[in-house]
Amino acid sequence: MTYTTNEMMTVAAARRLKNGSVCFVGIGLPSKAANLARLTSSPDVVLIYESGPIGAKPSVLPLSIGDGELAETADTVVPTGEIFRYWLQGGRIDVGFLGAAQVDRFGNINTTVVGDYHAPKVRLPGAGGAPEIAGSAKSVLIILKQSSRSFVDKLDFITSVGHGEGGDSRKRLGLPGAGPVGIITDLCIMEPEEGTHEFVVTALHPGVTREQVVAATGWPIRFADSVATTAEPTDVELTALRDLEARTAAAHGQAPGEA
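Under numbering that gives the first Met the number 0, the letters of the sequence shown match residues 0 to 258, in that order.
Here it is in structure tokens:
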């Protein structure tokens, strides 16, 4: 089966979610990848959303954290305060799955504004629970499409801390957990370099060149000594993803491909 770069990104991200792990899920691309993982490689993953659903198993992708599909399909629903205090800050979240508008070389995230905070060019959706997820989850995965506008040398605003200024910055800030362990894009997979915690390319998606990645990154991106090639999506993965998107489009009155 042929596939798009967006499908490759979603599949690659889904594969990073281990079966049986407890995952705090963001809306949008993170939710799509996490639910694809649940439908394919990780059927026993426990998906948690900040509105309170634990063990959500939506048949369609939620429009927001308040989507009734999440509560109706969850094992249980608890107050939002319990999600953050007991589950997240209590060290019970294995991985936080986040999106971003901008990300820098140390995995810090901006979802607040583009441009000056007091006179922004674009005002973004905001923080939501992302700062707490980035700060307290045992590990964090980030998924977003790659361009020089989204992968920037300096964030316009730091909404959620990744590895701060690099090195032992997280430790000095008193943040638990490993922080971001992977950035998955439509071009490649990046992982933090040991010691510096600067993100370097560890895998290229099929057909993608180093030159494409360099052109789509706003800092002098570096490559690992050994760069792998991401395995192509299987027919099973693509069928599950497309069926999920089709169900979502039908449920939400969207055109095909908008889900």
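Note that CB positions come from ideal geometry on N, CA and C, so glycine has one too.
If you're wondering where the values come from, they're calculated on a predicted model, not measured in any experiment.
Distance from the CA atom of Thr158 to the CA atom of Gly206, rounded to whole angstroms, is 33 Å. Its chain contains Ser40 as the residues whose beta carbon lies nearer than 7 Å to that of Arg14, once the 5 sequence neighbours on both sides are disregarded; these appear in chain order. Judged by DSSP in its simplified three-state form, Gly181 adopts strand. Nearest to Val102 by alpha-carbon distance, out of Ile141, Pro57, Gly173 and Ile82, is Ile141.
Residues Ile53 and Gly54 of the same chain have their beta carbon placed closer than 7 Å to that of Asp74, with the five preceding and five following residues left out of the count.
The continuous stretches of beta strand (DSSP E) do not include Lys170, which lies in the alpha helix (DSSP H) extending over residues Ser168 to Leu172. Nearest neighbour of His117 by Cα position, chosen from Leu46, Phe156, Gly134 and Ala33, turns out to be Phe156. For the set Pro119, Val44 and Val76, the Cα lying nearest the Cα of Asn18 is the one of Val44. Counting C-beta pairs with one atom in each stretch, the segment 107 to 123 and the segment 165 to 176 have fewer than three that are closer than 8 Å, which means they do not touch. Taking a contact as a CB-CB distance under 8 Å, the pair Gly181 and Glu193 does not count as one, their CB atoms being some 14 Å apart. Non-local beta-carbon contacts of Leu38 in its own chain, meaning distances under 7 Å to residues more than five positions away in sequence, involve Ala239 and Leu243 in chain order. Short of 8 Å from the beta carbon of Asn5, and not among the five residues preceding or following it, lie these beta carbons of its own chain, in chain order: Lys144 and Asp185. Take Leu28, set aside five residues on each side of it, and the residues of its chain with a beta-carbon closer than 6 Å to its own are Gly98 and Ile142, in chain order. When only Cα atoms are considered, Leu154 and Lys170 end up about 21 Å apart. By the Cβ rule, the segment 120 to 134 counts as touching the segment 78 to 90, because three or more pairs are nearer than 8 Å. Between Ala32 and the set Ile47, Leu16, Ser20 and Pro42, the nearest pair of CA atoms involves Leu16. According to the DSSP assignment, Lys31 belongs to the alpha helix (DSSP H) that extends over Leu28 to Leu38. Per DSSP, reduced to three states, the secondary structure at Arg122 is strand. Around Lys56, the same chain offers Thr72 as residues with beta carbons nearer than 6 Å, after the five sequence neighbours per side are excluded.
In the DSSP assignment, Gly95 falls within the unbroken beta strand (DSSP E) covering Val94 to Leu97. A distance below 8 Å separates the beta carbons of Val21 and Ile47.
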